[in-house]
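Just so we're aligned, residue 316 is where the sequence shown starts under our numbering, counting upward by one.
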Amino acid sequence: AAAVESGLALVALTAIEDKLQAGVPHTLEHLRRAGLKVWVLTGDKVETAVNIGFACKLLTTEMTLLHIGAADADGGGGGGGGARGALTTEGLREQLRTLTAHYAAQILAQLP
């Protein structure tokens with residue numbers, strides 16, 4: 316086999332599409348129109364999450380998208396995030412509380 320299978324090059328390509336279940340876009344659109352407030356939490360790349368959000372009609376072009384990332388972990392919108400691996404569960408909870416309060420105040424300030 317070694318004499319026959321030598322000097323070969325393996326060429327391969329694969330693609331996977333994770334399709335939404337039937338009815339998901341329709342259901343999410345109805346919930347959104349009913350005034351449901353939604354936060355999207357993802358472990359994906361932000362671009363992937365946003366594209367899926369638009370595909371399933373969870374997000375629309377009329378919406379303002381607020382991206383909170385690791386750089387916002389200090390609550391100041393910049394820096395921070397460099398030591399993410401060293402954070403404890405309680406530390407993450409506290410940061411989430413801080414970020415939630417910060418952005419909730421910003422959102423409430425925009426209401427009529």
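No residue lacks a Cβ here, since even glycine has one placed at the ideal position from N, Cα and C.
Computed from a prediction, not measured in an experiment: that's the story for all the values here.
Extent of the continuous alpha helix (DSSP H) run through residue 425: It is not in any alpha helix (DSSP H) - residue 425 carries neither H nor E in the DSSP assignment.
Use the C-beta contact count for residue 373: other C-beta atoms within 10 angstroms, 16 or more gives buried, fewer gives exposed. buried
Once DSSP output is grouped into helix, strand and coil, what is the label at residue 341?
helix
Note to self: By the DSSP assignment, the alpha helix (DSSP H) with residue 370 in it spans what residues?
What the structure shows: 361–370
CB contact flag (residue 370, residue 335, <8 Å):
yes
Quiz prompt | CB of residue 382 within 8 Å of CB of residue 361, strictly | solution = yes
message: Between the alpha carbons of residue 353 and residue 367, how many angstroms are there, rounded?
response: 14 Å
- Roughly how many angstroms separate the alpha carbons of residue 409 and residue 377, rounded to a whole number? 32 Å
With a threshold of 6 Å on Cβ separation, who are the neighbours of residue 340 within its own chain once the five nearest residues in sequence on each side are excluded?
So the list reads 371, 372, once near-sequence residues are dropped.
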